[in-house]
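Trainee: If you scroll down you'll find the structure; I have some questions about it.
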Amino acid sequence: PRVLRWPAGAAVAMMPMGADEVEALVLDVWAAKAEAEAAGSPRLPLVSFLYEYLSRADCGTTLSAAEPAGREHAVVAAHAYSLYHSVATHAPGSSTVCLFAGVLAGALPDGAWADRGAMQRGVLSAIEALPRVPAATGGTHGSEDDARVAAAADACVSGADVAGVLEALFPSRTQLELRRLKDAFSGEFGAGCVPLHAVRTALALGRPIGGGGGGG
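Per our numbering, residue 34 is the first one in the sequence shown, and the count goes up by one each step.
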């Protein structure tokens, strides 16, 4: 692809990124792609859009110091090689990065990201429909209105009920896969009382519901 065109035999100076940085960058790339398409830009394959993204001065990376808009190809390509390397390094520990890597490699369609988002919204909708288990408000101080607001903010659902939702929504998964999914979910949100606000926040940030393990 254009974004990886580099003179044969020439060395590329790698600028590796940490796990948190590469995941944040992946989320920003997807968000920028969706924003561009919503504004009327052509629907480009991810690997083609990546060139446009890395050409911007405000692409949100710390791969290099700030540069003027319209970066030269050599700079864009160097950033791209660093991104590919960092994505390959951190994909095993993050389903977000793993999916991005799969789309870049052509192993998954570009629509895989939107499909995962739709699946996660379905999971959240099913969890939202579960009976509430209000969390403790932590004392008797404050007005009744304050207590009601706190109770609403801290509303929880039962971890056992959530496990039932996951089993119902993913009937084709093996018992081992389901156990890993449940363990990832409970590890992130708790096993007994699952706080709805934390699940909503994870979805709003684009994080995978059910943990960040590779392949989820």
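Every residue, glycine too, gets a C-beta built ideally from N, C-alpha and C.
Measure the alpha-carbon distance for Leu96 versus Met48 and round it to whole angstroms.
Mentor: To locate residue 96, count along the sequence shown from 1; it is residue 63. To locate residue 48, count along the sequence shown from 1; it is residue 15. With a pLDDT of only 45 at Leu96, under the threshold of 50, the placement of this residue in the model should not be trusted; the figure read from the coordinates follows. Their backbone Cα atoms lie some 6 Å apart in a straight line.
Trainee: Relative to the C-alpha of Leu58, which residue among Pro40, Ala71, Arg76 and Val120 is closest?
Mentor: Stepping through the sequence shown from its first residue, residue 58 is reached at position 25. Nearest of Pro40, Ala71, Arg76 and Val120 to Leu58, Cα basis: Val120.
Trainee: Taking 8 Å as the cut-off, does the stretch 185-204 touch the stretch 224-233 (at least 3 CB pairs, one atom from each stretch)?
Mentor: Contact between the stretch 224-233 and the stretch 185-204 is present, because at least three Cβ pairs lie under 8 Å.
Trainee: Just to confirm my understanding: we take Ala231, look at its own chain, exclude 5 residues before and 5 after, and list those with CB closer than 7 Å. What are they?
Mentor: Locating residue 231 in the sequence shown gives position 198, where the first residue counts as 1. Answer for Ala231: Phe222, listed in chain order.
Trainee: Is DSSP giving Val166 helix, strand or coil here?
Mentor: Indexing the sequence shown from 1 puts residue 166 at position 133. Three-state result, Val166: coil.
Trainee: From Ala201 to Ser74, what does the alpha carbon distance come to, in whole angstroms?
Mentor: Counting from one through the sequence shown, the residue named residue 201 turns up at place 168. Counting from one through the sequence shown, the residue named residue 74 turns up at place 41. Those two C-alpha atoms are separated by around 39 Å.
Trainee: Ser115: buried (16+ other C-beta within 10 angstroms of its C-beta) or exposed?
Mentor: Within the sequence shown, the letter at position 82 stands for residue 115. Classification for Ser115: buried.
Trainee: Assuming the contact rule is C-beta atoms closer than 8 Å, Tyr86 and Arg35 should be a hit. Round their C-beta distance to whole Å, please.
Mentor: Stepping through the sequence shown from its first residue, residue 86 is reached at position 53. Stepping through the sequence shown from its first residue, residue 35 is reached at position 2. Not confirmed; about 13 Å, so no contact.
Trainee: Got a sec? Which residues, its chain only, sit under 6 Å from Trp146 by beta carbon, not counting five neighbours each side?
Mentor: Working through the sequence shown from its first residue, we reach residue 146 at position 113. Result list for Trp146: Trp63, in chain order.
Trainee: Thinking C-beta only, is Glu70 closer than 7 Å to Arg76?
Mentor: Position 43 of the sequence shown, counted from the start, is the residue given in the question as residue 76. Position 37 of the sequence shown, counted from the start, is the residue given in the question as residue 70. Contact: yes.
Trainee: For Ala235, does the count of other Cβ atoms within 10 angstroms reach 16, so buried, or fall short, so exposed?
Mentor: Within the sequence shown, residue 235 is the residue found at index 202, counting from 1. Per the 10 Å Cβ criterion, buried.
Trainee: Out of curiosity, what's the CA-to-CA distance linking Pro40 and Ala110?
Mentor: As a working mapping, residue 40 is identified with position 7 in the sequence shown. As a working mapping, residue 110 is identified with position 77 in the sequence shown. Distance between the alpha carbons of Pro40 and Ala110: 10 Å.
Trainee: What is the DSSP secondary structure of Val45, reduced to helix, strand or coil?
Mentor: Translated into the one-based positions of the sequence shown, residue 45 becomes position 12. DSSP places Val45 in coil when its eight states are reduced to three.
Trainee: The beta strand (DSSP E) spanning Val36 covers which residue range?
Mentor: In the sequence shown, the residue the question calls residue 36 occupies position 3. Neither: Val36 is in no beta strand (DSSP E) and is coded neither H nor E.
Trainee: Look up Ser191 in the DSSP assignment and say whether it is helix, strand or coil.
Mentor: One-based indexing of the sequence shown puts residue 191 at position 158. In this structure, Ser191 counts as strand in the three-state DSSP scheme.
Trainee: Tell me which same chain residues have a C-beta within less than 6 Å of the C-beta of Arg165, skipping the five on either side of it?
Mentor: In the sequence shown, the residue the question calls residue 165 occupies position 132. Counting only Cβ-Cβ distances below 6 Å, and skipping sequence neighbours, we find Ala188.
Trainee: According to the neighbour-count rule (16 or more other Cβ atoms, all chains shown, within 10 Å of its Cβ), is Asp148 buried or exposed?
Mentor: Numbered from 1 along the sequence shown, position 115 holds the residue referred to as residue 148. Flag for Asp148 reads exposed.
Trainee: To the nearest angstrom, how far is it from the Cα of Phe203 to the Cα of Ser219?
Mentor: Against the sequence shown, residue 203 aligns to sequence position 170. Against the sequence shown, residue 219 aligns to sequence position 186. When rounded, the distance between both Cα atoms is 16 Å.
Trainee: Using only alpha-carbon positions, find the residue among Gly155, Cys131 and Gly197 that is nearest to Leu60.
Mentor: The sequence position of residue 60 within the sequence shown is 27, counting from 1. It is Cys131 whose Cα lies nearest to the Cα of Leu60.
Trainee: Out of Ala65, Val55, Ala72 and His112, point me to the one whose CA is closest to Leu37's CA.
Mentor: Start at 1 with the first residue of the sequence shown, and residue 37 comes out as number 4. The option with the nearest alpha carbon to Leu37 is His112.
Trainee: Got a sec? Which residues, its chain only, sit under 8 Å from Val198 by beta carbon, not counting five neighbours each side?
Mentor: Position 165 of the sequence shown, counted from the start, is the residue given in the question as residue 198. Closer than 8 Å at the Cβ level, and outside the excluded window around Val198, lie Val156, Ala159, Ile160 and Leu163.
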